[in-house]
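Just so you know, we're using my numbering here: the sequence shown kicks off at 57 and counts up by one. For reference, the structure discussed in these notes is given below.
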Amino acid sequence: MTAPAGYGKTTSLSQWAAEDSREFAWVTVDEADGDPVRLAGHVALALHRIQPLDPAVFQALSSGDGSRHLTALGHLLTSLRNGNRRGVLVLDDVHELRDVASMNFIRALAAGVPAGFQLAVGSRLMLGFGRLRSEDRSVEFGVEHLAFTHEEVRAILAHAGVDPSDATVDTLVQRTEGWPAGVYLGARAIRTASDPAIAARRLAGDDPFLLDYLRDEFLVKESPDMVRFLTRAAPLDQMSGALCDHVLGGSGSADRLAEAARRNLFVVPQDRRGEWYRYHSLVAEMLLSELRRREPGEESRVHQRAADWYEQQGQPENAIEHMLASGDTLAAARWINQHAPDFASAGRLQTIRRWLTAVGQNGLVSYPPLAITAAWTLALSGDMPGAQGCLHAAERGSFEGPLPDGSSSLTSAVTILRASLGALGIDQMLLDAKAATEGEPPGSPWFPSAIATLGVAHALTGAADLAVKELSVAVQLGAAGRPPTAAVAALAELSLLAADRDDWSDAEEKAGQAVHLIETAGIEEHLFSILGYVAAARIAAHQGNQVAARRHAGTVLRMITTFSPAVIPWLSTQVAITLAEIFLELGDFAAARIQTEEAGRHLDGLLTEGTLRQQLSRVLARFAAEGGHVPVPSAMALTRAEMRVLQLLPTHLSLGQIGEELHISRNTVKAHLVAIRRKLQCASRNEVVERGRDLGLLRT
Numbered sequence: 057m058t059a060p061a062g063y064g065k066t067t068s069l070s071q072w073a074a075e076d077s078r079e080f081a082w083v084t085v086d087e088a089d090g091d092p093v094r095l096a097g098h099v100a101l102a103l104h105r106i107q108p109l110d111p112a113v114f115q116a117l118s119s120g121d122g123s124r125h126l127t128a129l130g131h132l133l134t135s136l137r138n139g140n141r142r143g144v145l146v147l148d149d150v151h152e153l154r155d156v157a158s159m160n161f162i163r164a165l166a167a168g169v170p171a172g173f174q175l176a177v178g179s180r181l182m183l184g185f186g187r188l189r190s191e192d193r194s195v196e197f198g199v200e201h202l203a204f205t206h207e208e209v210r211a212i213l214a215h216a217g218v219d220p221s222d223a224t225v226d227t228l229v230q231r232t233e234g235w236p237a238g239v240y241l242g243a244r245a246i247r248t249a250s251d252p253a254i255a256a257r258r259l260a261g262d263d264p265f266l267l268d269y270l271r272d273e274f275l276v277k278e279s280p281d282m283v284r285f286l287t288r289a290a291p292l293d294q295m296s297g298a299l300c301d302h303v304l305g306g307s308g309s310a311d312r313l314a315e316a317a318r319r320n321l322f323v324v325p326q327d328r329r330g331e332w333y334r335y336h337s338l339v340a341e342m343l344l345s346e347l348r349r350r351e352p353g354e355e356s357r358v359h360q361r362a363a364d365w366y367e368q369q370g371q372p373e374n375a376i377e378h379m380l381a382s383g384d385t386l387a388a389a390r391w392i393n394q395h396a397p398d399f400a401s402a403g404r405l406q407t408i409r410r411w412l413t414a415v416g417q418n419g420l421v422s423y424p425p426l427a428i429t430a431a432w433t434l435a436l437s438g439d440m441p442g443a444q445g446c447l448h449a450a451e452r453g454s455f456e457g458p459l460p461d462g463s464s465s466l467t468s469a470v471t472i473l474r475a476s477l478g479a480l481g482i483d484q485m486l487l488d489a490k491a492a493t494e495g496e497p498p499g500s501p502w503f504p505s506a507i508a509t510l511g512v513a514h515a516l517t518g519a520a521d522l523a524v525k526e527l528s529v530a531v532q533l534g535a536a537g538r539p540p541t542a543a544v545a546a547l548a549e550l551s552l553l554a555a556d557r558d559d560w561s562d563a564e565e566k567a568g569q570a571v572h573l574i575e576t577a578g579i580e581e582h583l584f585s586i587l588g589y590v591a592a593a594r595i596a597a598h599q600g601n602q603v604a605a606r607r608h609a610g611t612v613l614r615m616i617t618t619f620s621p622a623v624i625p626w627l628s629t630q631v632a633i634t635l636a637e638i639f640l641e642l643g644d645f646a647a648a649r650i651q652t653e654e655a656g657r658h659l660d661g662l663l664t665e666g667t668l669r670q671q672l673s674r675v676l677a678r679f680a681a682e683g684g685h686v687p688v689p690s691a692m693a694l695t696r697a698e699m700r701v702l703q704l705l706p707t708h709l710s711l712g713q714i715g716e717e718l719h720i721s722r723n724t725v726k727a728h729l730v731a732i733r734r735k736l737q738c739a740s741r742n743e744v745v746e747r748g749r750d751l752g753l754l755r756t
């Protein structure tokens, strides 16, 4: 159902729900649902209320990579099919979405809805459901179906007490083009005119006339208390009795909302229980304009009190949105800093980025703890420009005392972050790591990360004995961390160092401990867990266990595609070199060649290289000596572009939609798929998915 605002899309869908015997699940979309994980969560919760879904749906949403919403969709559709119940899912206000990923989620949902279920979509914008249209699987309603006819306008005029003469009806239809909201407001606006037909001709769609009507014909007839209630609630995108009581500093708001809805004062119920309401969007804008005129500054105070209420209710997302709307950037920054790690763990990186954009660089400089948290969050998701921008903001800021994350000082936090990223080269990484260990006391939650980074820096500069000593301390102190990423990285580095000195027994023990710690802590999808899987793959390759080696290496390749560790150049270089060694051990020269090329590209981004260039030279020499020039198709030789396409093949997305997700053409996706099938030696897309999962290239 597609039409501009005020055409009664929500009303029509609500009337359908009231008359249909089936159960309806309802999701009203807003701008924040441009985060596809958030949208998928709302859809899942709405459906769960009418039919319990498989817990796998919510498990998929709570962990995984950036495509977790598509993984969850597969479980959701399977759960609906197995439930064998009839129902309707309504997605209203879909025009609020601006992100291709969220729209593709809806298209995939529409394509996979099982028999007995219907999807109803309300939007102001045309939506791309051409495939369903061509398959005769959709019915579309637009302006021509929703616009009022002459007879409907005549009925509205009569109900408003206006003489429904042919001239008045014709004029109002012409001026409003049958727009229901305009007809309704126009009818009420002209009902006191001596000549309604002339008044209808003068009716325009711009704001002044409607605002005058709002003030003189609507607000003036309400009590001062009701007017104050309606205008002060206008900044709220949704209203409940409890929320309005808190925001407006009174009581009885639930009764006021119910009365306003009953009297058709442009307050629309959002649920059948009469708990939540919203304004008609146009009227909300009019009331907000009136609030700004009557009570300058009250809009900001309403948002601040709404933020406080949502925080008390344990709804940090709504709290942060209102605090940002209030203009109190510093308070918003504090709240974002507190909750960003939880949103990152839930895959809500798009939401975090939107908040950071709203806070701006000045906001990050004003509250540098958020700059530190944001830099870590973006770095661990592979966003190099974003991480570096936040780091620079932290370097420009000032903060007294320990940081909320437990760092002893802002200077120490900046130093640990800079050392861990190592963007200025291995030599500077070593200096920063030394300073970081001096800035954090051994009891600090950040000391394990500092000492682990110092150990890595010594390993990359050839000081193996010092590295072993420092990494061992990191293991001892960091194993109890939440999460224990410092201990995982330290164990993996100790395994790689042991393998370099041919102590394979110690290397196997340390790699096993790293993987065990990863699994028990549930951090299989953490960036630094890549090191643990690399170490495990190297042990398996040395032992001749081809299946285990390829599975662990496949996991690493998938994670590299997901997280893009290029934001940490020393890490991406070390991983590529070690993978090249592993593939040479397996006799997979095609895969080894790709990894040596990757390592070379990453090395070029380091100002100083430590021993990494020497390590790569040794691998290249071995590659040349062992006849690596023979081109043999290899499942481990997928390019990064092919790996990105592979990650989306298990979804319901078409090749064209995959192209939209990745910002490439459908033909390019098709070419990558051909290469993937050749390298994995598969005949179909389904076979590719099964083979990819067997090899660890796809999540199971």
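Even for Gly, the Cβ is constructed at its ideal location relative to N, Cα and C. Because the structure is a prediction, the values reported are computed rather than measured.
Taking the Cα of E682 as reference, the smallest distance to any Cα among A648, L405, A697 is reached at A648. Note that the C-beta distance between A116 and T127 is below 8 Å.
By the CB criterion at 8 Å, T471 and G122 fall outside the cutoff.
Beta-bridge pairing by DSSP links R137 to no other residue. DSSP, reduced to helix, strand and coil, places A519 outside both helices and strands of the structure shown, so it counts as coil. No Cβ-Cβ contact shorter than 8 Å links V730 with G715. Secondary structure within the segment 328-390: the alpha helix (DSSP H) runs of 4 or more consecutive residues, fully enclosed, are 337-350, 354-368, 372-382 (chain order). The continuous alpha helix (DSSP H) containing T67 extends over residues 65-75.
Within 10 angstroms of the beta-carbon of Q569 lie 16 or more other beta-carbons, which makes it buried. Residue pairing by DSSP places F80 opposite V144 in a beta bridge. DSSP places L702 in no beta strand (DSSP E) but in the uninterrupted alpha helix (DSSP H) bounded by 696-704.
As far as DSSP is concerned, V744 takes part in no beta bridge. In this chain, A176 is not harboured by any alpha helix (DSSP H); it is covered by the beta strand (DSSP E) spanning 173-177.
With fewer than 16 other Cβ atoms inside 10 Å of its own Cβ, I254 counts as exposed. Within the segment 610-648, the alpha helix (DSSP H) runs of at least 4 residues that lie entirely inside it are, in chain order, 625-641.
Within the model, the alpha-carbon separation for V283 versus E496 is close to 57 Å. Ranked by how close their Cα comes to the Cα of S307, the residues E315, A316, G297 have G297 in first place. In the assembly as shown, E200 is an exposed residue. Its beta-carbon has fewer than 16 other beta-carbons within 10 Å. In the DSSP annotation of this structure, the continuous segment of the alpha helix (DSSP H) that includes P441 starts and ends at 440-452. In the three-state scheme derived from DSSP, where H, G and I count as helix and E and B as strand, M295 is classed as strand. Boundaries of the beta strand (DSSP E) harbouring P325: 323-325, taken from the DSSP string.
Within the model, the alpha-carbon separation for L527 versus L486 is close to 14 Å.
In terms of Cβ geometry, L466 and L459 form a close pair [threshold 8 Å].
For Y240, the enclosing alpha helix (DSSP H) covers residues 236-246. Counting every other CB atom within 10 Å of its CB across the protein chains shown gives H719 a total below 16, marking it as exposed. The alpha-carbon of L550 is positioned some 50 Å away from that of E152.
Fewer than three Cβ pairs drawn from the segment 181-193 and the segment 213-223 lie within less than 8 Å of each other, which leaves the two stretches out of contact. Taking a cut-off of 8 Å on C-beta distances, the segment 354-372 touches the segment 283-292, as three or more cross pairs fall below it. By the Cβ rule, the segment 145-159 does not count as touching the segment 694-708, because fewer than three pairs are nearer than 8 Å. Sequence-distant partners of V113 (beyond 5 residues in either direction) whose C-beta falls short of 7 Å from its own C-beta, in its chain, are A100, A128, H131, L132, S135. Assignment of beta-bridge partners to T58 by DSSP yields S179.
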